[in-house]
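First the structure, in the form of structure tokens, and then the observations on it.
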Amino acid sequence: MYIFGGCTSTSTTFNDLWSLNLNERCWLRPLTMGNYPTPKACATLVSYQDKLFLFGGWSHPSPYPIFQAWKLFNELHVYNIESKRWSSMVHSTEPPAMAGHSATIQGHLMVVFGGLHKTGDHGLRTNSNDVWCYDIENLVWTKQATTDNRPAARFGQSQVSLDNTSLIILGNIA
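Note that this note's numbering has the sequence shown beginning at 8, numbered continuously upward.
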């Protein structure tokens with residue numbers, strides 16, 4: 008099991024990667040190299056084969072001055088578990104910057120749902136119910152067309168893959 012980043016009660020964000028050895032119940036912080044992700048919280052981290060895919064998240068520059076806007080990210084970083092190397096992925100089409108979204112792997116797609124998205128240039132954020140898919144094999148983002156019967160916009164939810172065709176979105180309607 009792996010976790011990435013997070014924040015303190017004063018909104019200081021981190022870019023630590025930690026792994027939990029479930030057999031020995033021991034936390035380890037791998038020595039990593041490469042293009043490190045920005046310190047952030049509320050990002051998603053999913054695994055596919057021998058890689059971890061880290062997407063989105065937010066940071067707050069500092070607690071002072073008080074009214075600084077949060078920064079939302081649409082960065083995609085890939086961590087190779089074998090080589091212990093981070094790499095940054097840049098694409099011609101990318102989802103909007105977001106945080107508090109959910110993600111799972113379906114086949115060779117990373118499916119991203121909802122979250123907080125920035126609206127306009129004023130730093131305002133709105134909840135979303137958009138679905139974006141990252142094709143891991145072809146390295147392409149696409150906004151997924153959805154039916155009229157889709158979940159309400161939200162952030163901070165959980166997402167579970169039922170099979171290769173269905174997802175369950177749980178909690179936090181906002």
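Don't be surprised by glycine CBs; every beta carbon is placed ideally from N, CA and C.
Values in this document were obtained by computation on a predicted structure and should not be read as measured data.
Quick check on the DSSP output: the beta strand (DSSP E) that includes G63 runs from which residue to which? No beta strand (DSSP E) holds G63; DSSP gives it neither H nor E.
To the nearest angstrom, how far is the alpha carbon of W77 from that of W65? 7 Å
By alpha-carbon positions, which one of C49, S94, W25 and Y55 ends up nearest to M40? S94
Between the CA atoms of M117 and N171 - distance to the nearest angstrom: 11 Å
Going by beta carbon distance, what residues of the same chain come within less than 6 Å of Y86, once the five residues before and after it are set aside? L59 and W93
When DSSP labels each residue in this structure, what does F120 get in the three-state scheme? strand
Y9 to Q113, Cα distance in whole Å? 19 Å
Alpha carbon of E82 to alpha carbon of I175, nearest angstrom: 25 Å
Going by alpha carbons, who is nearest to G163 out of L177, T153, R157 and N156? L177
Look up F21 in the DSSP assignment and give the residues it is bridged to. G13 and K47
D57 versus W25: straight-line alpha-carbon distance, rounded: 16 Å
Let me check understanding here. Comparing Cα to Cα, which of A48, G107 and N22 lies closest to S16? A48
I'd like the span of the beta strand (DSSP E) that includes H108, first residue to last. No beta strand (DSSP E) contains H108, which DSSP labels as neither H nor E.
Quick check on M8: does DSSP put it in helix, strand or coil? coil
DSSP on Q113, reduced to helix/strand/coil? strand
How many angstroms separate the CA atom of S165 from the CA atom of S109? 6 Å
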